[in-house]
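Below: one structure, written as structure tokens.
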Amino acid sequence: MAHLHDCEIRGIKALRESEEGVKVFLFFVKAWCSFVKHHHDVEEELLESFTDRPGCISANVAQHAMFGLGLHELADYSHATKVRSLIDGFADTLRNHLKSETSASLALQTYKSEGIMKIFKECEAAGFNQPNFGITPLYDLTQDIALPLILGLSESTFENGKYVFSDVPGFARYLVHYWYCRTQQGAWRFLPWDNLMWGMPRSLAFLN
């Protein structure tokens, strides 16, 4: 449980500290939207004036309007999205929850260890044996997302490697890296641990 909580904490820290990279990408989105909008605004104004024939480019103007709303929504999204402020809105609550779960876990000492270990193993297996389809459209957690995320947020250096999480064989880590990481490899650049999935710390991709 503690290792999984560490994964959650490392993940939210990586998200928060990588905001600069997100901002750079969103700036690029906004810049492109501005370029497209400006081009078509100028086109409508100058061509209409040049031809001196009102309505001569009405078909073009109508087409501009057809994608104009989507362009505006994209530009508005790039301007309004603030990842760090959204995270700060619930981070304290999440932290308090993870802290309180420590007491809840310790309270399980009254139960037989064999039963607790059985539940733990089942939970661990559920994390790795994700079906190849999403839970919901919003919270999609297929194997090619779950496996790189869990290993990429897991640490192997804690207490000199005494507690390696997750306890998977080396060939499985290579499999995750060379097979499961392929589909979303751009996103895994934000992981705070090495991209070979060995749990070794590295600098965040877009920090400073």
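Going by numbering that gives the first Met the number 0, the sequence shown wraps up at 207, each residue one higher than the last. All C-beta atoms in this analysis are idealised placements derived from N, C-alpha and C, irrespective of residue type, glycine included. The model shown is predicted, which means the values in this text are computed figures rather than measured ones.
*Can you check DSSP and say which residues form a bridge with W192?*
P200
_Contacting residues, own chain, Cβ-Cβ under 6 Å from R9 (five flanking each side not counted)_ = L152, P191
_First and last residue of the uninterrupted alpha helix (DSSP H) at H176_ = Segment: none, H176 is in no alpha helix (DSSP H) and carries neither H nor E.
*Might you give, ordered along the chain, the residues of its own chain that have their beta carbon closer than 7 Å to the beta carbon of V221, omitting 5 neighbours on each side?*
Given that the chain is displayed from residue 0 to residue 207, the structure contains no residue 221 and the question cannot be resolved.
*Cutoff 6 Å; reference T182; Cβ partners in own chain excluding five residues on either side*: D143
_Run of the alpha helix (DSSP H) containing V82, from where it starts to where it stops_ = Where V82 is concerned, the enclosing alpha helix (DSSP H) stretches over 82-105.
_First through last residue of the alpha helix (DSSP H) which encompasses D5_ = 1-16
*Rounded to whole angstroms, how far is the Cβ of R83 from the Cβ of E18, which I believe are closer than 8 Å?*
5 Å
*Grouping DSSP H, G and I as helix and E and B as strand, with all else coil, what is Y76?*
Looking at Y76 - three-state DSSP - the assignment turns out to be helix.
*Would you decide whether A145 is buried or exposed? Buried here means 16 or more other CB atoms lie within 10 Å of its CB.*
buried
_Cutoff 9 Å: L68 Cβ touching any chain D Cβ_ = Within the model displayed, chain D is absent; a lone protein chain is all it includes.
*If you compare alpha carbons, which of A90, S77, K22 is closest to S33?*
S77
*Can you tell me whether DSSP reads S153 as helix, strand or coil?*
Under the three-state reduction of DSSP, S153 is assigned to coil, being neither helix nor strand.
*Would L150 be called buried (16 or more neighbouring beta carbons within 10 Å of its own) or exposed?*
By the neighbour-count rule (16 or more Cβ atoms within 10 Å), L150 is buried.
*Report all residues from its chain with a CB closer than 8 Å to the CB of I86; omit the five preceding and five following residues, and keep chain order.*
I11, L14, R15
*Give me the Cα-Cα distance between E158 and P168, rounded to the nearest whole angstrom.*
20 Å
_Could you check whether P147 and C180 sit closer than 9 Å to each other, using their CB atoms as the reference points?_
yes
_Beta carbon of H4 nearer than 9 Å to that of L68_ = No, these two residues do not count as a Cβ contact at 9 Å.
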